[in-house]
Amino acid sequence: MALTEKLPKQINWNIWGAVAVAAMIILGGAGYYFDWFGSGATEAVAPAVEEAAPAGE
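Per the working numbering, numbering of the sequence shown is gapless, rising by one per residue and ending at 55.
Structure (structure tokens):
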């Protein structure tokens, strides 16, 4: 009987943990998409693309 009393609390912590991880992933993805962290993340990818196919040519 003691196991069933603690089980809902454990499930509740698992749900909150999953929500926290999902929020971090969503905010991280949104931050990259909207460039909240500055242009450093996108500039790191741009030179490789420019070398493969220069924009001026």
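Glycine is no exception: its CB is placed at the ideal position from the N, C-alpha and C atoms.
Within 10 Å of its beta-carbon, does V17 have 16 or more other beta-carbons around it, so buried, or fewer, so exposed? exposed
In whole angstroms, give me the CA-to-CA distance for F32 and I9. 34 Å
Hey, how far is the Cα of G26 from the Cα of W11? 22 Å
Measure the C-alpha to C-alpha separation of G15 and I24 and round it to an integer number of angstroms. 14 Å
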